[in-house]
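Visitor: Take the sequence shown: its position 86, counted from the start at 1, is 197 in my numbering, and no numbers get skipped.
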Amino acid sequence: MVLYAYLVALHEKLHVPAHWAILVTKTENGTQGAKYHAIGHPFRGYSVEVIDNYDVNTIRERHTLVFLGRLDDAWTDRLASAARSVAAPGISPEPLNPFAVSSFVIPVLMSNDRQKLIAF
112 MVLYAYLVAL HEKLHVPAHW AILVTKTENG TQGAKYHAIG HPFRGYSVEV
162 IDNYDVNTIR ERHTLVFLGR LDDAWTDRLA SAARSVAAPG ISPEPLNPFA
212 VSSFVIPVLM SNDRQKLIAF
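#1: Can you list, in chain order, the residues of its chain whose CB lies under 8 angstroms from that of Val127, leaving out five sequence neighbours each side?
#2: Does DSSP put Leu190 in a helix, in a strand, or in coil?
#3: Might you give, ordered along the chain, the residues of its own chain that have their beta carbon closer than 8 angstroms to the beta carbon of Arg155, omitting 5 neighbours on each side?
#4: In three-state terms, what does DSSP make of Arg155?
#5: As a quick exercise: from Glu139, Val119, Phe178 and Ser192, pick the residue whose alpha carbon is nearest that of Val159.
#6: In the DSSP assignment, find the beta strand (DSSP E) that holds His126 and state where it starts and stops.
#7: Just to confirm, is the Cβ distance from Lys146 to Ala132 under 7 angstroms?
#8: So, for Lys137: in the same chain, excluding its five sequence neighbours on each side, which residues have a beta-carbon less than 8 angstroms away from its beta-carbon?
#9: Over what stretch of residues does the beta strand (DSSP E) that includes Leu176 continue unbroken?
#10: Please state whether DSSP places Thr142 in a helix, a strand or coil.
#11: What residue from Ile150, Tyr117, Gly141 and Arg181 has the CA that sits closest to Arg195's CA?
Right, here's the structure in full:
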């Protein structure tokens, strides 16, 4: 079976960068699946959060879905552990500047047995 990966960009405020997440669904053009993203605060640092059965249709904020690609469902069990193995951004050197953010990179194992990096 094939899984479908999407970038979800949540446009929360006009002068603040969008919050990005990865959504992995079981159906093409699906809206429900596992959400991988970093949560936290620039004063305290961030951590990786994985939400199963996340439904994009419940988002009230303006958002954009961008199709990233397909991956074999054999990687399903490894996605969460791969996401959690990457260090999330720490405390920001400029916590009051919303544009002074670190790159957060999640390794996503694709069906062709090569490791791809998705930076957000």
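All C-beta atoms in this analysis are idealised placements derived from N, C-alpha and C, irrespective of residue type, glycine included.
Guide: Quick look at the numbers:
#1: So the qualifying residues of the chain are Pro209.
#2: It is helical.
#3: These residues qualify, in order along the chain: Ile202.
#4: Residue state, collapsed to three classes: coil.
#5: Ranking Glu139, Val119, Phe178 and Ser192 by Cα distance to Val159 puts Ser192 first.
#6: In the DSSP assignment, His126 falls outside any beta strand (DSSP E), carrying neither H nor E.
#7: For Lys146 and Ala132, yes; Cβs fall inside 7 angstroms.
#8: For Lys137, the CB contacts under 8 angstroms within the same chain, skipping 5 residues up- and downstream, are Met112, Leu114, Tyr115, Gly144 and Asp184 in chain order.
#9: For Leu176, the enclosing beta strand (DSSP E) has its first and last residue at Arg173 to Asp183.
#10: Coil at Thr142, not helix or strand.
#11: The option with the nearest alpha carbon to Arg195 is Ile150.
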